[in-house]
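Numbering (the working numbering), first residue to last: 342 to 608. We treat Cβ as the ideally placed atom computed from N, Cα and C, and that holds for glycine. Quick notes on the structure that follows.
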Ligand code: UDP
């Protein structure tokens with residue numbers, strides 16, 4: 342295979358030059374980091390699972406009219422995406438208090454928020470991705486008012502869709518992080534959804550048991566992260582029900598009937 346040009350290596354992904362201008366290949370690694378990369382490790386098979394989960398979510402979001410950078414999955418760990426200029430904001434949508442908002446405002450984890458909150462963090466590792474307001478975003482011209490309008494309305498639509506998608510498989514969508522990018526068409530640009538949506542950037546809690554099925558297992562040393570990521574993929578119908586692996590730690594009894602679905606029709 343010919344050597345490809347690496348454009349960027351991040352904490353969980355590598356970007357390579359794509360086969361055509363305006364395209365990029367996004368490679369999903371097993372590496373995991375937390376607390377602004379102070380904690381580092383690997384989650385076996387995470388890249389493969391996140392590639393599949395993100396493909397699934399982005400494809401379904403495209404079906405409801407959300408423009409995304411996703412073109413197609415190429416193989417187990419890679420997908421072809423559109424090249425965009427990433428807007429330097431992490432857009433966090435919260436339904437239930439957890440993580441940094443619980444610490445910052447003293448709200449108990451698991452407390453449902455009175456209504457959905459959108460927060461913006463300025464993407465800058467050296468500064469530890471600080472929380473910023475729309476005033477800061479306008480003041481420093483990180484995104485225009487029109488772009489912020491598009492970003493917030495897409496974030497709400499994505500949240501509504503994903504809450505339903507996960508509720509259908511007995512998972513509570515507590516919070517998640519989105520990134521957006523500018524796609525240029527001549528002098529014009531429009532904002533589209535970029536990056537990935539996977540258990541790396543979402544808090545996903547089993548609705549029945551409260552079990553965490555996301556990167557908090559790694560952040561908080563709970564163990565069982567591989568199984569948790571696989572469990573999300575399996576409930577989304579992306580893995581075979583038989584593919585439990587020897588280290589299965591979750592009680593799947595409540596999920597099995599959903600996973601199996603109706604028996605196959607006899608020929
Ligand atoms: N998140 C993320 N990348 C970040 C920070 C947060 O994907 O750099 C996600 C995180 O997985 C969670 C949500 O955004 O689903 C809210 O994270 P929070 O602000 O609570 O930060 P944390 O507790 O991770 O410090």
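In the DSSP assignment, residue 477 falls within the unbroken alpha helix (DSSP H) covering 475-480. Here DSSP, grouped into helix, strand and coil, assigns residue 558 to helix.
The shortest CA-to-CA distance from residue 571 to any of 561, 562 and 556 is the one to 556.
Between the ligand UDP and the CB of residue 441, the shortest heavy atom gap is smaller than 7 Å.
For the 8 Å CB-CB criterion, residue 353 and residue 373 form a contact.
Distance from the Cα of residue 416 is smallest, within the candidate group 407, 361, 405 and 367, for 367.
According to the DSSP assignment, residue 399 belongs to no beta strand (DSSP E) but to the alpha helix (DSSP H) extending over 387-404. Straight-line measurement puts the Cα of residue 387 at about 23 Å from the Cα of residue 345. Set against 7 Å, the gap from the CB of residue 561 to the closest heavy atom of the ligand UDP is not smaller. Shown here for residue 390: same chain residues with a beta carbon closer than 7 Å to its own, the five before and five after excluded, namely 570, 571 and 574 in chain order. A contact is defined here as three or more CB-CB pairs under 8 Å, and the stretch 430-446 meets this definition with respect to the stretch 516-533. At least 8 Å separates the beta-carbon of residue 512 from that of residue 446. Nearest to residue 427 by alpha-carbon distance, out of 475, 521 and 384, is 521. Here the alpha carbons of residue 580 and residue 567 stand approximately 13 Å from one another.
Measuring C-alpha to C-alpha distances from residue 576 to each of 413, 509, 375 and 541 identifies 509 as the nearest. For residue 532, the uninterrupted beta strand (DSSP E) run begins and ends at 529-535, by DSSP. Contact annotation: the stretch 480-500 touches the stretch 394-408, with at least three C-beta pairs closer than 8 Å.
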